[in-house]
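Chains as they are written, first to last, in this note's numbering: chain W, 1 to 115; chain D, 1001 to 1107.
From the three backbone atoms N, C-alpha and C, an ideal C-beta is built for every residue, glycine too.
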Amino acid sequence: EVQLVESGGGLVQPGRSMKLSCAASGFTFNNYDMAWVCQAPKKGLEWVATISYDGSSTYYRDSVKGRFTISRDNAKSTLYLQMDSLRSEDTATYYCARLDYFDYWGQGVMVTVSS
Amino acid sequence: DIQMTQSPASLSASLGETVSIECLASEDIYNNLAWYQQKPGKSPQLLIYYASSLQDGVPSRFSGSGSGTQYSLKINSLESEDAATYFCLQDSEYPWTFGGGTKLELK
């Protein structure tokens, strides 16, 4: 059974950093591109970042470029999102998802950026 | 960036009815469109990919169609479990963009 389990969320002050993790199981992690998607409270979905199966290519939405870093450790079947210089508008639930077509999603982890 | 305009924003329908949700892309996305269902407090679930391919395990009352810039999701014979918010996604070009969502309520 495919499982994606996020961790690392919580309350953080503006300007500080936070690192999210997504532990994958039930499939061959290093065969798949992966992504992060966020959803602000009561809002729609926003794609955040994508990483290729081998970590050689990454893509980001403009609003997080230079602040967020997506990475992966294929030996540990884990996806990461390092979030620096956090802003109040980054407050959201963050989901990791497997690509093809976001066919599996984690349960989501809440990140609240507030003083 | 490719804008995805989804309509309607909300929809109310009765059990057994058929409904359609539309997504209009600001440019040709070459069928690189997926549909997702999200229930309150839950993660989204993939329904349709590449515009019209039904994801494994999804009931056949869900179908997708369209091409170019215009796409639609059709749900036949509505069941109570179909009450949810539906989103489209284009992954033709970065940044990938979602539609604003359609909240489907059952009368």
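Using the beta-carbon count (16 or more within 10 Å), is residue 61/W buried or exposed? Here residue 61/W refers to the residue found at position 61 when the first sequence is read from its first residue. Looking at its Cβ environment, which holds 16 or more other Cβ atoms inside 10 Å, residue 61/W is buried.
Would you check whether the ligand GTP has a heavy atom nearer than 8 Å to the C-beta of residue 1050/D? This structure simply doesn't include the ligand GTP, nor any ligand for that matter.
Beta-carbon gap between residue 1047/D and residue 1073/D smaller than 9 Å: On the second sequence, position 47 is the one that residue 1047/D refers to. On the second sequence, position 73 is the one that residue 1073/D refers to. Their beta carbons are under 9 Å apart, which means residue 1047/D touches residue 1073/D by this criterion.
Distance, Cα to Cα, residue 41/W vs residue 96/W? In the first sequence, counting from the first residue as 1, residue 41/W sits at position 41. In the first sequence, counting from the first residue as 1, residue 96/W sits at position 96. Cα to Cα, residue 41/W sits roughly 17 Å from residue 96/W.
Would residue 15/W be called buried (16 or more neighbouring beta carbons within 10 Å of its own) or exposed? Your numbering for residue 15/W matches position 15 in the first sequence. Residue 15/W is exposed by the Cβ-count criterion.
Whole-angstrom distance between residue 115/W and residue 1086/D, CA atom to CA atom: If you number the second sequence from 1, residue 1086/D lands on position 86. If you number the first sequence from 1, residue 115/W lands on position 115. Computed Cα separation, rounded: 33 Å.
Strictly by DSSP, which residues pair up with residue 19/W? Residue mapping note: residue 19/W aligns to position 19 of the first sequence, counting from 1. For residue 19/W, which the question treats as bridged, DSSP gives the partners 82/W.
Three-pair Cβ contact test at 8 Å for the stretch 1082-1096 of chain D versus the stretch 1030-1046 of chain D: yes
Cβ contact check for the stretch 91-105 of chain W and the stretch 28-42 of chain W: 3 or more pairs under 8 Å: yes
Taking its Cβ as the centre, do 16 or more other Cβ atoms sit within 10 Å of residue 81/W, making it buried, or is it exposed? Position 81 of the first sequence, counted from the start, is the residue given in the question as residue 81/W. Its Cβ being crowded by 16 or more others within 10 Å, residue 81/W is buried.
3-residue-minimum beta strand (DSSP E) runs that sit fully inside the stretch 1027-1076 of chain D, ordered along the chain: 1033-1038, 1045-1049, 1062-1067 and 1070-1075
Is the stretch 1074-1085 of chain D in contact with the stretch 1011-1020 of chain D, if contact means three or more CB pairs nearer than 8 Å? yes
Whose CA, out of 83/W, 44/W and 66/W, lies closest to the CA of residue 1005/D? Counting from 1 along the second sequence, the entry for residue 1005/D is found at position 5. Answer by Cα proximity: 44/W.
Contacts that residue 105/W makes with chain D (C-beta to C-beta distance below 8 Å): Taking the first sequence and counting its residues from 1, the one referred to as residue 105/W is at position 105. Per Cβ cutoff of 8 Å: 1043, 1044 and 1045.
With DSSP as the reference, label residue 64/W as helix, strand or coil. Here the question's residue 64/W lines up with position 64 in the first sequence. In the structure shown, residue 64/W sits in a helix (DSSP, three-state: H, G or I).
Between residue 1071/D and chain W, is there a C-beta pair that is closer than 9 Å? Position 71 of the second sequence, counted from the start, is the residue given in the question as residue 1071/D. It does not: the Cβ of residue 1071/D has no partner Cβ on chain W nearer than 9 Å.
Beta-ladder partner(s) of residue 88/W, from DSSP: Along the first sequence, one-based indexing puts residue 88/W at 88. In the DSSP output, where bridge partners are listed per residue, residue 88/W has none listed.
Please confirm whether residue 133/W has its beta-carbon closer than 9 Å to some beta-carbon of chain D. Missing from the structure shown is residue 133/W; chain W here goes from 1 to 115 and no further.
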